[in-house]
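J.: Going down the list, the protein sequences come from chains A and B. Numbering (numbering that gives the first Met the number 0) for the first sequence: 0 to 465. Numbering (numbering that gives the first Met the number 0) for the second sequence: 0 to 465.
2 protein chains.
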Amino acid sequence: MHKNVEVAIIGAGTAGLYALSQVKKKTDDFVIINSGPYGTTCARVGCMPSKSLIHIAKTYHDRDEFEKSGIANGEALKVSIPKVLQRVREHRDFLTEHNVKSVERYGDKVIDGKAEFIDSNTLRVGEMTISAKKIIVATGSTPVLDAAWEDFREHILTTDEIFEQEDLPESLGVLGLGVIGLELGQAFARLGIKVTAVQSKEFIGGLSDPEINAIMVEACQKDFDMLFGERATLSKVGEKIKITSGEREVLVDKVLVSVGRKPNLEALKLENLGIKLDKKGMPAFDRNTMQIEELPIFLTGDATADCPLQHEAADEGRIAGYNAVHTLRKFRRKTPLSIVFSDPQIAFVGVDYQEIKDNPEVVIGSFDFSKQQRAMLMNTNKGLAKLFVQKSDGKLLGAQMAVPEGEHLAHHLAWAIEQGLCVHDMLELPFYHLTLEEGLFMMLLACSKKIDVKKEGVLELSFLDK
Amino acid sequence: MHKNVEVAIIGAGTAGLYALSQVKKKTDDFVIINSGPYGTTCARVGCMPSKSLIHIAKTYHDRDEFEKSGIANGEALKVSIPKVLQRVREHRDFLTEHNVKSVERYGDKVIDGKAEFIDSNTLRVGEMTISAKKIIVATGSTPVLDAAWEDFREHILTTDEIFEQEDLPESLGVLGLGVIGLELGQAFARLGIKVTAVQSKEFIGGLSDPEINAIMVEACQKDFDMLFGERATLSKVGEKIKITSGEREVLVDKVLVSVGRKPNLEALKLENLGIKLDKKGMPAFDRNTMQIEELPIFLTGDATADCPLQHEAADEGRIAGYNAVHTLRKFRRKTPLSIVFSDPQIAFVGVDYQEIKDNPEVVIGSFDFSKQQRAMLMNTNKGLAKLFVQKSDGKLLGAQMAVPEGEHLAHHLAWAIEQGLCVHDMLELPFYHLTLEEGLFMMLLACSKKIDVKKEGVLELSFLDK
Chain A
0 MHKNVEVAII GAGTAGLYAL SQVKKKTDDF VIINSGPYGT TCARVGCMPS KSLIHIAKTY
60 HDRDEFEKSG IANGEALKVS IPKVLQRVRE HRDFLTEHNV KSVERYGDKV IDGKAEFIDS
120 NTLRVGEMTI SAKKIIVATG STPVLDAAWE DFREHILTTD EIFEQEDLPE SLGVLGLGVI
180 GLELGQAFAR LGIKVTAVQS KEFIGGLSDP EINAIMVEAC QKDFDMLFGE RATLSKVGEK
240 IKITSGEREV LVDKVLVSVG RKPNLEALKL ENLGIKLDKK GMPAFDRNTM QIEELPIFLT
300 GDATADCPLQ HEAADEGRIA GYNAVHTLRK FRRKTPLSIV FSDPQIAFVG VDYQEIKDNP
360 EVVIGSFDFS KQQRAMLMNT NKGLAKLFVQ KSDGKLLGAQ MAVPEGEHLA HHLAWAIEQG
420 LCVHDMLELP FYHLTLEEGL FMMLLACSKK IDVKKEGVLE LSFLDK
Chain B
0 MHKNVEVAII GAGTAGLYAL SQVKKKTDDF VIINSGPYGT TCARVGCMPS KSLIHIAKTY
60 HDRDEFEKSG IANGEALKVS IPKVLQRVRE HRDFLTEHNV KSVERYGDKV IDGKAEFIDS
120 NTLRVGEMTI SAKKIIVATG STPVLDAAWE DFREHILTTD EIFEQEDLPE SLGVLGLGVI
180 GLELGQAFAR LGIKVTAVQS KEFIGGLSDP EINAIMVEAC QKDFDMLFGE RATLSKVGEK
240 IKITSGEREV LVDKVLVSVG RKPNLEALKL ENLGIKLDKK GMPAFDRNTM QIEELPIFLT
300 GDATADCPLQ HEAADEGRIA GYNAVHTLRK FRRKTPLSIV FSDPQIAFVG VDYQEIKDNP
360 EVVIGSFDFS KQQRAMLMNT NKGLAKLFVQ KSDGKLLGAQ MAVPEGEHLA HHLAWAIEQG
420 LCVHDMLELP FYHLTLEEGL FMMLLACSKK IDVKKEGVLE LSFLDK
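Put into structure tokens, the structure is as follows:
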């Protein structure tokens, strides 16, 4: 069987569906080829269930603060892991339903199966061949697993599986303290599971600033054990898994593997496109058009391994979708914004610390959130935030932080950078008293003392006739 | 005894201390005249203790959500009002300490007593006369009380007194559901006190949009009883206070009076300045200079009865302080931003709903936070937000909302208005997935469909070469 279409979209996840939203505006002549469950990585196994879990874990963990707030019997609270997981799945199912329906309504435009390239305009899906003027690759990613673990696979959990468990064992190893390992490791620890995390790098949660990292490590050590150092190996000992890292060994019931995700590109047979692939099998693409080289093919979402965040995948889908049905245009990409929903919350905005740390043209202003007044009143006063600012004119460049409610402060800074604001512009904004935003003000104030431009009059106000 | 100084500041609260911060940069020749306790209204009896109380009340109230999240025995929790009040005072004392010290360090420049004007350059404080080239009035405000309640004053509580109580009775009337009545009424109700609030207007918490108000009233009715209608009268019946509003009567142990605050101007004898005072005894002043008419006198903070918010008092102090020691300049005032720390949080930004509701040049985009995904995962999905936008060009003008974490969303909007942003600018910003900020995106999206300017290309992205 053969099909001719304007646009073929491979993958019905976030990137694919957002690509479709643009394609649909111009043509009905498209197909969506999808293999595996509908509902997007984010909603099925990513941000959605993890945020539900993290919220419950935080709620339960708050009981430690009850006594000093005048609330008695916090120790009577008991959490049921099976009920928590069930609640998470209820939330998940409710919120994926929309995504699933938004695919199903396309009926026979949706083709179930794995696509592979025959050439740059032709795909094979099982018995079917599809010719498409434009093809959008939005195949997503899969958790990385080591083949050596196959012998005790039933003790290994990935994010594809952990939310599907009826219950969890008493002890859990967490392999890798990147974003996912940190978020889930901390949440499960707070729900009473004995968590031991193993991390080969000294930095956790994607952090790159040593001071912020040290504060985050200290905060996490109150929740769970961490082994830093050599890459861990796993082996089965009786009904347990032994994690070995250097000379240290620990026995756990199961292991959550969170050592990264790899793009789902292998099955596509990109080698049939006659283009150069790098060592990891990745083609070259332009992140402002999403086009692969000069081909009529666009690469988007987690499949790019570039920026595995839902809002970036949505943008990449939109760009690819637009370019699939219009004359090719370059789009401006947004200020980088990345958030880890740990406690405190880690966030990254704009340029990274490692990019600017040795640059004398950049000054850093920091604020210690253990002294933040509102956070004190909410018993959440911990963490550190740093703001990176151009010395010559005070222009905001980026920030890194591990602070309470970092998600909101990170949006503030990303939006300010997007507007090209400088420190003096920011200090003139209204900061409501006894909000966490005042912590941001303090960081800006610290920067204002280090930049070359000084302000006349009053730092926090401008003249009406300026 | 007589003293000659460059600047006399009457009042050592927020406005007075911020005025001093500017005066100090130019001269040491100043006095601060203060009557009553140090520590600022905000920190002693305002935002500071109320936010501590509200946080504890929310923490205790959260137990209602435990069961469905898989946490058992929430009903075993017991709260101790005396311990809560003690905790609030601990927080309060810790945080006022800094304010108190920042006055005390000025030693004999601080004069204890009530000041009154002899003329526009001369003050009397007890036996002392003070001649000052410039005078800054920052005398703050006092809760309004009815003289008719003197007979049962021991049953009446104001914010000056409520945080000083060792314990609170079983039932509490709340007279007035403005900001203070709503915040404290809801908090005490959530701590298990039987609260009955009486409000003569239909709007609560300062709201002016009927739909948002209706949602807020419904939310509050889950926490406490409300009587709307005629202005209430109080009388003593045995050991109880009877609140009568129209035909309805209710007996309570004590009454929190929160019917407003009046500026502390009476003792100043403004009549000696030879200027016109309005019916309420208020002089005319310029809110961009804080100057009273053409006098060498500046009026600031709650004493203006203009904008009784800490960050506005700080700005007014800064403006007055600067103008007291420099050639007079007009300062730009900030985008209005006001937040009520109820649940959901009420916030007001920019122009008010009543100003624009009949203006055909303004469109309104709203979003129902009961459908907000992140809020659902946190069991806080309730509320409504409305955004007011100029129809011709999509420029943001203002917003009103009662939504979870409104304090952060309100800052976002105030800052956007301050930058003169329009709907299309905002839609291009990064909105991280599964944050409350996405609710703001939905409001912007609703506005984008109603404004006259339409966007080429992709709504959420701009071309690199635009």
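The C-beta atom is built at its ideal place from N, Cα and C for all residues, glycine as well.
Specify whether the stretch 138-147 of chain B and the stretch 259-268 of chain B touch according to this definition: at least 3 beta carbon pairs, one from each stretch, less than 8 Å apart.
T.: At 8 Å Cβ cutoff, the stretches touch.
J.: Return the chain-ordered ranges of every beta strand (DSSP E) run that is complete within the stretch 89-119 of chain B and spans a minimum of 3 residues.
T.: The stretch 89-119 of chain B contains these whole beta strand (DSSP E) runs: 109-111, 114-118.
J.: Would you say A:Ile179 faces chain B, with C-beta separation under 9 Å as the test?
T.: In the first sequence, counting from the first residue as 1, residue 179 of chain A sits at position 180. No, its Cβ sits nowhere closer than 9 Å to a Cβ of chain B.
J.: Run through chain B and tell me which residues come within less than 9 Å of A:Gly456, C-beta to C-beta.
T.: Working through the first sequence from its first residue, we reach residue 456 of chain A at position 457. Under the 9 Å cutoff, chain B gives Tyr321, His325, Arg328, Phe330.
J.: Can you tell me whether A:Gly106 is buried or exposed, with buried defined as 16 or more other CB within 10 angstroms of its CB?
T.: Looking up residue 106 of chain A in the first sequence gives position 107. Exposed: under 16 other Cβ atoms inside 10 Å.
J.: Measuring only between beta-carbons, confirm whether A:Arg104 sits less than 9 Å from chain B.
T.: Here residue 104 of chain A refers to the residue found at position 105 when the first sequence is read from its first residue. So no, A:Arg104 is outside the interface.
J.: Beta-carbon of B:Pro429 versus every beta-carbon of chain A: anything under 9 Å?
T.: In the second sequence, residue 429 of chain B corresponds to position 430, counting from 1. For B:Pro429, the answer is yes, since a Cβ of chain A falls inside 9 Å of its Cβ.
J.: Where are the beta strand (DSSP E) runs, 3 residues long or more, that stay fully inside the stretch 132-176 of chain A, in chain order?
T.: If we require 3 residues or more, the beta strand (DSSP E) runs fully inside the stretch 132-176 of chain A come out as 140-142, 170-174.
J.: Would the stretch 351-371 of chain B and the stretch 300-311 of chain B be scored as touching if the rule is three or more Cβ pairs under 8 Å?
T.: The stretch 351-371 of chain B is not in contact with the stretch 300-311 of chain B.
J.: Does B:Met400 come out as helix, strand or coil in the three-state DSSP assignment?
T.: Indexing the second sequence from 1 puts residue 400 of chain B at position 401. B:Met400: strand per DSSP, three-state reduction.
J.: Helix, strand or coil for A:Arg286 per DSSP?
T.: One-based indexing of the first sequence puts residue 286 of chain A at position 287. Correct three-state label for A:Arg286: coil.
J.: Using a Cβ-Cβ distance cut-off of 9 Å, determine whether A:Thr506 contacts chain B.
T.: Limits of chain A in this structure are 0 at one end and 465 at the other, which puts residue 506 of chain A out of reach.
J.: Considering only the alpha carbon of each residue, which of A:Ile80, A:Ala415, A:Val324, A:Arg123 lies closest to A:Ile55?
T.: Position 56 of the first sequence holds residue 55 of chain A. That would be A:Ile80, whose Cα lies nearest to the Cα of A:Ile55.
J.: Consult DSSP for A:Ala304 and reduce its assignment to one of helix, strand or coil.
T.: Here residue 304 of chain A refers to the residue found at position 305 when the first sequence is read from its first residue. If DSSP states are grouped into helix, strand and coil, A:Ala304 belongs with coil.
J.: So within the stretch 327-378 of chain B, which uninterrupted beta strand (DSSP E) runs reach at least 3 residues, ignoring any that extend past its ends?
T.: Whole beta strand (DSSP E) segments, 3+ residues: 336-339, 344-349, 361-367.
J.: So B:Ile318 contacts chain A; which residues on that side make the cut at Cβ distance below 7 Å?
T.: Position 319 of the second sequence, counted from the first residue, corresponds to residue 318 of chain B. Per Cβ cutoff of 7 Å: Leu460.
J.: My assumption, with CB atoms under 8 Å, is that B:Asn72 sits in contact with A:Lys67. Please give the rounded CB distance.
T.: As a first step, residue 72 of chain B is located in the second sequence; it is residue number 73 there, counting from the start. As a first step, residue 67 of chain A is located in the first sequence; it is residue number 68 there, counting from the start. Actually they do not touch by this definition, with Cβ atoms about 20 Å apart.
J.: Buried or exposed, going by whether 16 or more other CB atoms sit within 10 Å of the CB of B:His325?
T.: Stepping through the second sequence from its first residue, residue 325 of chain B is reached at position 326. Its Cβ having fewer than 16 others within 10 Å, B:His325 is exposed.
J.: Does any CB atom of chain A fall closer than 9 Å to the CB of B:Val51?
T.: Indexing the second sequence from 1 puts residue 51 of chain B at position 52. Val is not the amino acid found at residue 51 of chain B; the sequence shown has Ser there. By this cut-off, B:Ser51 is an interface position.
J.: Taking B:Ile179 as the reference, which of B:Gly280, B:Leu52, B:Glu96 has the closest Cα?
T.: Start at 1 with the first residue of the second sequence, and residue 179 of chain B comes out as number 180. Comparing Cα-Cα distances from B:Ile179 to each of B:Gly280, B:Leu52, B:Glu96, the minimum goes to B:Leu52.
J.: Give the secondary structure of B:Leu264 by DSSP, where H, G and I count as helix, E and B as strand, and everything else as coil.
T.: What you label residue 264 of chain B is simply residue 265 of the second sequence in a count that begins at 1. Residue state, collapsed to three classes: coil.
J.: Please decide whether A:Arg88 counts as near chain B, where near means a Cβ-Cβ distance under 9 Å.
T.: Walking along the first sequence from the start, residue 88 of chain A turns up at place 89. False, the Cβ-Cβ gap to chain B never drops below 9 Å.
J.: How about the stretch 427-437 of chain B and the stretch 394-412 of chain A: do they share at least three Cβ pairs that are nearer than 8 Å?
T.: Yes: the two stretches touch, three or more of their Cβ pairs being nearer than 8 Å.
J.: Got a sec? Which residues, its chain only, sit under 7 Å from A:Cys46 by beta carbon, not counting five neighbours each side?
T.: To locate residue 46 of chain A, count along the first sequence from 1; it is residue 47. So the list reads Gln309, once near-sequence residues are dropped.
J.: Between the stretch 188-202 of chain A and chain B, which residues of the former have a C-beta closer than 8 Å to a C-beta of the latter?
T.: Listed by position along the chain: nothing, the set is empty.
J.: 9 Å is my cut-off, CB to CB: does A:Phe284 come that close to chain B?
T.: For this step, residue 284 of chain A is matched to residue 285 along the first sequence. Judged by the 9 Å Cβ criterion, A:Phe284 is not in contact with chain B.
J.: Run through chain E and tell me which residues come within less than 9 Å of A:Glu292, C-beta to C-beta.
T.: Although the question refers to chain E, the structure presented lacks it and instead comprises the protein chains A and B.
J.: From B:Leu206, B:Ser207, B:Thr195, pick the residue whose C-alpha is nearest to that of B:Glu248; which is it?
T.: For the purposes of this step, residue 248 of chain B is taken as residue 249 along the second sequence, with counting starting at 1. Of the listed residues, the one whose Cα sits closest to B:Glu248 is B:Thr195.
J.: Could you check the C-alpha separation between B:Glu126 and B:Met281 for me, to the nearest Å?
T.: Taking the second sequence and counting its residues from 1, one reaches residue 126 of chain B at position 127. Taking the second sequence and counting its residues from 1, one reaches residue 281 of chain B at position 282. When rounded, the distance between both Cα atoms is 27 Å.
J.: Any beta carbon from chain B within less than 9 Å of A:Val543's own beta carbon?
T.: It is not possible to answer for residue 543 of chain A, since the shown part of chain A is limited to 0 through 465.
J.: Can you tell which of B:Gly364, B:Gly237, B:Lys278, B:Ile9 has the C-alpha that lies nearest to the C-alpha of B:Asp252?
T.: Locating residue 252 of chain B in the second sequence gives position 253, where the first residue counts as 1. Here the closest residue by C-alpha is B:Gly237.
J.: Hey, out of B:Met225, B:Arg43, B:Ser130, B:Val124, whose CA is closest to B:Phe93's CA?
T.: The residue you call residue 93 of chain B lines up with position 94 of the second sequence. Ranking B:Met225, B:Arg43, B:Ser130, B:Val124 by Cα distance to B:Phe93 puts B:Arg43 first.
J.: Just the chain A side, please: which residues come within less than 8 Å of B:Trp414 by C-beta, in chain order?
T.: Translated into the one-based positions of the second sequence, residue 414 of chain B becomes position 415. What B:Trp414 touches in chain A: His411, Trp414, Ala415, Leu428, Pro429.
J.: When the distance is taken between beta carbons, is A:Gly259 closer than 9 Å to A:Thr13?
T.: Sequence index remark: in the first sequence, residue 13 of chain A carries index 14 (1-based). Sequence index remark: in the first sequence, residue 259 of chain A carries index 260 (1-based). Going by C-beta atoms, A:Thr13 is not nearer than 9 Å to A:Gly259.
J.: Looking at B:Thr138 and the ligand FMN, is the gap between the Cβ and the nearest heavy atom below 8 Å?
T.: As for the ligand FMN, it is missing from this structure, which has no ligand bound.
J.: Identify whether B:Lys275 lies in helix, strand or coil by the three-state DSSP scheme.
T.: One-based indexing of the second sequence puts residue 275 of chain B at position 276. The answer is coil: DSSP assigns B:Lys275 none of H, G, I, E or B.
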